[in-house]
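**Q**
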Amino acid sequence: MSQVCALSFSSRRLGAAIYDEDEKEVKLLDMAEDDDFLVLERLLREVKPSHILVNRSQSAEYQMHLRKKCSMVSGMEEEISDRSNLKEFSTSQFAQTQITFVNTMEEKELDKSASKEEGELDDDDSLLWQPSITFLPDIAFSFGLACKKLEQIFGAGVKNKQIMASFRLDFTSTNMIRSLGALLRFMEQQGIGGQTFENLSVEKMTTLVFDDCIEVDSTTLRALEIFYSDYTPETIRKKFVWGNNRREGMSIFKLCNLCRSSPGKQKLRNWFERPINNLTILSERHEAISYLHQDCNVEVTSFIYNYVKDIFSIKPIFRRMRRGNLPVSDWKNLFSSICAMIKIGEFLTEKEVNLAFLKGKLNLFGTRLQQVACLISEVIDFQETLAENRVVIKQGIDKDLDNKKKFYENLPDELTSVAKQEADEISIQTCTVAYLPIVGYLLMTPASVEIPASSSMLVELIFTSEGMSYFKTKRMRLLDENIGDIKMDIIDAETNIVLNLQKRLLGSRQIVLDAIDLAATLDCFVSLSQVARKYNWICPKFVEETILSIKEARHPIAEHLCKTGTYVSNPIISSTEDGKIKILFGPNSSGKSVYLKMIGAIVYLASVGSFVPAYRATIGKISRIMSRLYTVDSVLDGMSSFANDLKQMSRAVARSDQNSLLIIDEFGKGTQTEVGLSLLASCLNYWLEGPVEKCPHVVVASHFYVLPELLTDPNKLLKYQTMGVSRLDDDTLDFHFNLVDGITDFSYATFTALKMGIPREVVERSEEVYLNLRSGGLLSDLTPIKLPELSIINEELNNEEQKTNKSNNINKVDETIFDHLLENKEIIFEEVIKENNEENNEKEKINFTIEEEIVENEEEEENNNKIINFIEKIEERKKEEEKGNVGKEEENKKENINCVDETIFEEEEGNNASILIIDDDEEEEDEEDDFSKIIDDADNEFSF
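Residue numbering for the sequence shown follows UniProt numbering, beginning at 1 and increasing consecutively.
#1: Is it buried or exposed, ASP124, if we count other Cβ atoms within 10 angstroms and call 16 or more buried?
#2: Consider the Cβ of ILE572: report whether some Cβ of chain B lies at a distance smaller than 9 Å.
#3: Would you mind reading off the limits of the alpha helix (DSSP H) that contains GLU378?
#4: Check HIS293 in the structure and name its three-state DSSP category.
#5: My output table needs one value for PHE704: the three-state DSSP class, helix, strand or coil.
#6: According to DSSP, CYS431 sits in a beta bridge with which residue or residues?
#7: Please work out which residues of its chain come closer than 8 Å, Cβ to Cβ, to TRP271, disregarding the five sequence neighbours upstream and downstream, and give them in chain order.
#8: Can you give me the Cβ contacts of ARG368 inside the same chain, cut-off strictly under 8 Å, excluding the 5 residues immediately before and after it?
#9: For the alpha helix (DSSP H) holding CYS5, just list the boundary residues, first then last.
#10: Express the C-alpha separation of ASP35 and LYS112 in angstroms, rounding to a whole number.
#11: Need the endpoints of the alpha helix (DSSP H) that MET31 sits in, please.
#12: In angstroms with no decimal places, state the Cα-to-Cα distance between ILE516 and LYS582.
#13: How would you write the range of the beta strand (DSSP E) that GLN510 sits in, first residue to last?
#14: Sort ALA532, GLU46, GLU425 by Cα distance to ALA453 and report the nearest one.
#15: With 16 as the cutoff for other CB atoms within 10 Å, does ARG67 come out buried or exposed?
#16: How do the stretch 527-535 and the stretch 279-298 stand: do at least 3 beta-carbon pairs fall below 8 Å, yes or no?
#17: Output needed for VAL603: all residues of its chain with C-beta closer than 8 Å, excluding positions within five of it in sequence on either side, in chain order.
#18: Spatial neighbours of LEU221 within its chain, please: CB distance less than 7 Å, with the 5 preceding and 5 following residues excluded, ordered by chain position.
#19: What distance in whole Å lies between the Cβ atoms of THR750 and PHE585, which are believed to be in contact at a cut-off of 8 Å?
#20: Distance, Cα to Cα, LEU44 vs ALA6?
#21: Grab me the residues of ALA423's own chain with a C-beta within less than 8 Å of its C-beta, minus the 5 sequence neighbours each way, in chain order.
#22: In the DSSP assignment, what are the bridge partners of ILE547?
#23: For ILE663, which of helix, strand or coil comes out of DSSP?
#24: Comparing C-alpha positions only, which one of VAL216, LYS343, SER173 sits nearest to ASN363?
#25: Please report the distance separating the alpha-carbon of GLN63 from that of VAL54.
#26: Determine the direct distance from the alpha carbon of PRO556 to that of LYS254, and round the result to whole angstroms.
#27: Flag this pair as touching only if the stretch 365-381 and the stretch 315-322 have three or more C-beta atom pairs under 8 Å; answer yes or no.
#28: Just to confirm my understanding: we take ASP937, look at its own chain, exclude 5 residues before and 5 after, and list those with CB closer than 6 Å. What are they?
#29: Would you say MET176 and LEU38 are within 9 Å of each other, going by their C-beta atoms?
#30: Under three-state DSSP, which class holds GLY396?
#31: With respect to the beta strand (DSSP E) encompassing ILE52, which residues constitute its N-terminal and C-terminal limits?
#32: Leaving aside the five residues before and after GLN58 along the sequence, list all residues of the same chain whose C-beta is less than 7 Å from its C-beta, in chain order.
#33: When you compare only the Cα positions, how much space is there between GLN130 and ASP330?
#34: Quick one: measure Cβ to Cβ for LEU684 and LEU711, integer angstroms, because I've assumed they're closer than 8 Å.
#35: Use the C-beta contact count for ALA519: other C-beta atoms within 10 angstroms, 16 or more gives buried, fewer gives exposed.
#36: Taking buried to mean at least 16 other C-beta atoms within 10 Å of its own C-beta, is CYS296 buried or exposed?
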């Protein structure tokens, strides 16, 4: 047993852990997977493990595909039917002998599913590689147990084991962690790599990446807004659409996703989840997009765009067809999809479209698919099917069925004739022949109709219901024997025909699926070509050299959301000659972060096969894209923000090579300045002082302006750049958002703070402190600030005599205030009445408050400070509203109003608050979204 592989598949992602006994190495994999299981096939083809561990609780289709590819050579099989005991399962059960666990029901389903349309095994593979498979219960792949085992390995002798394990593994890749946990348990029980768990012989763990795939972690995908974005309010207001699936915001994928068919949307998402650097595949995609992008081929693009909307997901339909419970809508969607693909194929053949990806595949839309369409159209009467909401068979398929249908159509006339005969024989005026399931045919008469005594022996009363009596007669029994339940006979006959049709269609399943895959590819190309036309994107050029040369590059989302319509483009240049390590300095809000994300977004789009937003682009081979742009904070992992930043940075340093793209934004800001600066400088020197041919593309944005003093550049790989900005005469900044060479040593953070609403006094003080510290001064050298609000209090505390004098003066002023209150009482009442519309109540409140305030001022000397504030407000009112002597009186009136207790206005404030609450409720009601509309039915024309 040289290699053991544990696999876990769920939520459209495949996780794998492979142990190489010879190399004493564990390889880990976590990738997006689709229903075709292409990643699984490639993994098995390249690794060829000798033993495979599988979670038996996962999908039967996944297990069937795995069994087929591995030819299912295994040891003895054991059935575990009692699922209630799965939690007590221990892998010691297979410590003595190798066992394959398969549930009986799953075994039967998998055997039936392994039919001819799934293809046959390659002869060479079946001879050279025949692994054994062990099916384990779900408890063996427990995520919690896996985490505990990994903490024991990486946290041995360490107090905080969880953090140590989190530094080395990405615990968000749940399938990978599940697989690794099952693998370690199996190795422990089988004695592979060591006799006990503590001395397992595992020297290193690496990430398995296929040769033509680009490695991109989930954090980088989030930072580059490939799938998720926080730009739109929708993602904040309503985060969930169904289950735990987040609403897709204005992401790059959503910007490029103009597909109209479900298979097309899923395929495009698979492309974005698995970027590649295979130049052959990328050139085929670019060729197709270029063809559909040209003005002379608009007719082809429009035709495909109009017909792909009638194509639906077929795999779930075939899955339900295999179970025998196919509704009418599935038949309709299946036939509509096949007809749409046939029309697309005929059009492409007529227009002689010769693209590389269509070579040898255009016949998928040809004769064999037409035969499937003819088979469906000749058997099913879709017009009657939609009317009866069940599958109805056309005439001419079964003569016996046709005769029954013809007789059933004439049955009302026959029953009317029988009813007349019964009425004449029994001597009654009115009667009807009715049919009830199970009971059969009955003679139905109103309960008020009396059966003559002479005819009472001819009828048998069965029951009475709702004013009607039901009888059995000799003729009714003859109808039961001769005709019976003819409607159910028709349905049974049609059901048998439908089952035979389904069997025939399942035999042609792969033909339809291959055609669907080709149609989905066309839908993706049409979508990407329309995006390129709409946003003026260009086709990138790929080369083998390690170079990035992009002229007039633009960020796709930022350009789309640019309100001014004047987005500033910037160049991207990275090579050995022009420097592979770029450090960006610049003011806050100058566009550094957008520039960094733009580099990653353009390289990612090119690796998908899409056009890119630029004037010209030359891109060398890229093997991985790593970043320190987005900090992942979670209370569950026990790691701080800076620890997460270090985790991303350590991964970039450990895994980078000459074909890697590293994007780093303000690393080191989460700790002490000296520590963060030292770590950043050390990482950059690691690449600068290393071999030139091993240096990756590195782009760094930082506010550490002393960083250049700590860097060495023996190989001339380092260049400094900044974002253009100019300072205007009115002490404001004009951001140019253009990239220029050079270094700046000022961040203009104070201007940004002022722009964001920080008070000017605070900003000016921060500028004073900064300039003092920059010149080598101390904080103690600065003049303390005396706040105006505290000056009176400080004087009172330091000078008791001055405080006493002020108190005496205040008493005099207090009398003046009282006189003015009495003189202007009516004016005060009028203003309060206008605001509250309650004249009498408010006058009483004001008088009561005035008297209470005066008593407090006479009794308590401490409240004199309030009077001082009143006097200051009177002076402010005097400057603003009054002139001369008249202003003094108005000032006193304003002071009197202010000195009224705030409780007078509580009722009004409460009313205002209630109004605001009502407004908020109305706004929330307006923000509620309606449910999505049901997908429109396919076209009513089903004839082929």
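Glycine included, each C-beta is placed from N, C-alpha and C at the ideal position.
**A** Concretely, from the data shown:
#1: For ASP124, the pLDDT reaches just 45, beneath the cut-off of 50, and the residue's location in the model is therefore unreliable, although a value from the coordinates is still provided. Flag for ASP124 reads exposed.
#2: Absence of chain B from the displayed structure is noted, only one protein chain being present.
#3: Counting along the chain, the alpha helix (DSSP H) containing GLU378 begins and ends at 367-379.
#4: Under the three-state reduction of DSSP output, HIS293 falls in the helix class.
#5: The DSSP-derived three-state label of PHE704 is coil.
#6: CYS431 is not bridged to any residue.
#7: Counting only Cβ-Cβ distances below 8 Å, and skipping sequence neighbours, we find CYS524, VAL608, GLY609.
#8: Result list for ARG368: SER508, ILE511, in chain order.
#9: DSSP places CYS5 outside any alpha helix (DSSP H); the residue lies instead in the beta strand (DSSP E), whose first and last residues are 3-10.
#10: Here the model assigns LYS112 a pLDDT of 42, short of 50, so the residue's position is not dependable and the matter cannot be decided.
#11: DSSP places MET31 outside any alpha helix (DSSP H); the residue lies instead in the beta strand (DSSP E), whose first and last residues are 25-32.
#12: Looking at the two C-alpha atoms, the distance is approximately 46 Å.
#13: Membership of GLN510 in any beta strand (DSSP E) is not indicated; the residue belongs instead to the alpha helix (DSSP H) covering 509-535.
#14: ALA453 has its Cα closest to that of GLU425, out of ALA532, GLU46, GLU425.
#15: Classification for ARG67: buried.
#16: Yes, since at least three Cβ pairs between the stretch 527-535 and the stretch 279-298 fall closer than 8 Å, the two stretches touch.
#17: LEU548, ILE619, ILE622, ILE625, LEU661, listed in sequence order.
#18: If we look at LEU221 and ignore the five residues flanking it on each side, its Cβ neighbours are PHE227.
#19: About 17 Å separates the two Cβ atoms, so there is no contact after all.
#20: Cα atoms of LEU44 and ALA6: separation of roughly 11 Å, rounded to the nearest angstrom.
#21: Hits under 8 Å: GLN429, THR430, CYS431.
#22: Partner(s): none; ILE547 has no beta bridge.
#23: DSSP places ILE663 in the strand class (E or B) of the three-state scheme.
#24: Closest by alpha carbon: LYS343.
#25: One Cα belongs to GLN63, the other to VAL54, and the distance between them is close to 8 Å.
#26: The straight-line gap separating the alpha-carbon atoms of LYS254 and PRO556 is approximately 11 Å.
#27: Too few Cβ pairs lie closer than 8 Å, so no.
#28: For ASP937, the predicted model reports a pLDDT of 40, less than 50, meaning its position is unreliable; a value from the coordinates is still stated below. Hits under 6 Å: none found.
#29: No, they are not a contact pair.
#30: Coil at GLY396, not helix or strand.
#31: Note, ILE52: beta strand (DSSP E), 51-55.
#32: Closer than 7 Å at Cβ, skipping near neighbours: PHE9, SER10.
#33: The alpha-carbon separation between GLN130 and ASP330 amounts to approximately 39 Å.
#34: That pair is a contact at about 6 Å.
#35: So ALA519 ends up on the buried side.
#36: CYS296 should be labelled exposed.
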